[in-house]
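Residues in the sequence shown are numbered from 30 upward in steps of one, following our numbering. Heads up: the structure comes next, in structure tokens.
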Amino acid sequence: MNPYLDEKNMKIQKAVIPAAGFGTRFLPSTKAQPKEMLNVVDKPLIQYSVEEAVQSKIKNILLISSRGKSSMEDHFDHSPELERFLKEKGKQGYLKEVKRIGELVDLNFIRQKEALGLGHAISLAQSYVGNNPFSVLLPDDIFDCPTPCISQLMDAFSKMKASIIVLGRVDREGTKKYGIIKPKQVSERIFQVEDLVEKPGPEKAYSDLGVLGRYVFTPEIFQAIKETKPDTKGEIQITDAIKHLLKSQSVYGYLFEGTRYDAGNKMGYLQATLSLALKRPDFKEQLKDYLKTVKVED
Ligand code: G1P
């Protein structure tokens, strides 16, 4: 347990959303627009994470952005011309939604100037979060859960009083896509992390418990990131920083309750779009009917 984490600074008030990558898995769509602004059903990918944090009562969000991604800032800002236009045309529904997005949350932005990895991106949040525990949401992951995923993780954090990451069961392919932990089970959903490896592949994977894109960190993660060496691609991985943190603090994993879509690759993105649209009352019946008519050629 972390000695300074007394009850009064256990509350997670800030979230960090790293959104600085090139989106190479989505090229060519992401050549001139941020991956995070791609539409999923009827809103951009980034809005899912922001809304999840807001639903979890997080009041302050720092978005780690990069060059060419200012449309993310515009999306969460007020848009007086558009609002005036919608008002004049009597489009009340759109007007309400556009205004709501502009008022969602106190959003701050910082830029990662070079693509030096997820660990480096998170380190840029240090002065924003200060000496407090904080949450991280990777926007590639869309969670559809009875209780928002980051809220479940924050509850688990308040029990364990140590850094904690969201886990999901992965298949063979998943061991090549996610960080994988060596677990020691603590309770039904909580595991102590004994070790973890970034994308080890099936031969070297310790288990089928993969790291998904939600974390709560104690502030000591910043020192751990500073002491973490870049990988062979020159990037500082958050997984390696967590491994380093393990030398001085316990870290836990939490098996979340709900469904998660990996919208960070083309296939996962299609699955997310289809599954989430099928849950929407305004699309469900029409989409079901349409799917029945689709002929799949071999
Ligand atoms: C990142 C992390 C990885 C984690 C994954 C979750 O990988 O480095 O450990 O399992 O997010 O989505 P990325 O998707 O950025 O390659």
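A virtual CB, placed ideally from N, CA and C, is assigned to each residue, including glycine. Please read all numbers here as calculations on a predicted model, not as lab measurements.
- If you compare the alpha carbons of 138, 141, 98, 87 with that of residue 177, the shortest gap goes to 87.
- Near the ligand G1P, residues with a Cβ at less than 6 Å from any of the ligand's heavy atoms are 147, 167, 169, 170, 207, 208, 227, 239, 240, 241, 242, 266, 267, 268, 293; the list follows chain order.
- Residue 246 is a Cβ neighbour of residue 165, given a cutoff of 8 Å.
- Distance between residue 289 and residue 171, taken at the CA atoms: about 6 Å.
- If you look at residue 82, you'll find it in the alpha helix (DSSP H) that goes 74 to 84.
- Beyond the five residues adjoining it in sequence on each side, residue 213 comes within less than 6 Å, by CB distance, of 221, 223 in the same chain, given in chain order.
- For residue 179, there is no enclosing beta strand (DSSP E); the enclosing alpha helix (DSSP H) has its first and last residue at 178 to 189.
- The three-state secondary structure of residue 42, taken from DSSP, is coil.
- Between residue 63 and residue 100, the C-beta gap is smaller than 8 Å, which places the two residues in contact.
- Considering only 279, 92, 197, the residue with the shortest C-alpha distance to residue 208 is 197.
- Take residue 106, set aside five residues on each side of it, and the residues of its chain with a beta-carbon closer than 7 Å to its own are 131, in chain order.
- Per the coordinates, the alpha-carbon of residue 255 lies some 16 Å from the alpha-carbon of residue 278.
- No residue range can be given for residue 215, since it is assigned to no beta strand (DSSP E) and is classified by DSSP as neither H nor E.
- Around the C-beta of residue 244, 16 or more other C-beta atoms lie within 10 Å, and the residue is accordingly described as buried.
- The Cβ atoms of residue 92 and residue 41 lie no closer than 8 Å to each other.
- Counting C-beta pairs with one atom in each stretch, the region 140 to 151 and the region 255 to 273 have three or more that are closer than 8 Å, which means they touch.
- Taking a contact to require three or more Cβ pairs closer than 8 Å, the region 66 to 76 and the region 175 to 191 do not qualify as touching.
- Only residues of its own chain outside the window of five on either side were considered, and among them 89, 90, 91, 92, 157 have a CB closer than 8 Å to the CB of residue 137, listed in chain order.
- As the crow flies, the alpha-carbon of residue 296 is around 40 Å from that of residue 117.
- Here the alpha carbons of residue 48 and residue 299 stand approximately 20 Å from one another.
- A direct Cα-to-Cα measurement between residue 76 and residue 52 gives close to 17 Å.
- When the beta-carbon positions are compared, residue 268 and residue 240 come within less than 8 Å of each other.
- DSSP places residue 269 within a helical segment (H, G or I) once states are collapsed to three.
- The shortest C-alpha to C-alpha distance from residue 73 to any of 232, 169, 200, 304 is the one to 169.
- In the three-state reduction of the DSSP assignment, residue 314 falls in the helix class.
- For residue 242, the uninterrupted beta strand (DSSP E) run begins and ends at 238 to 246, by DSSP.
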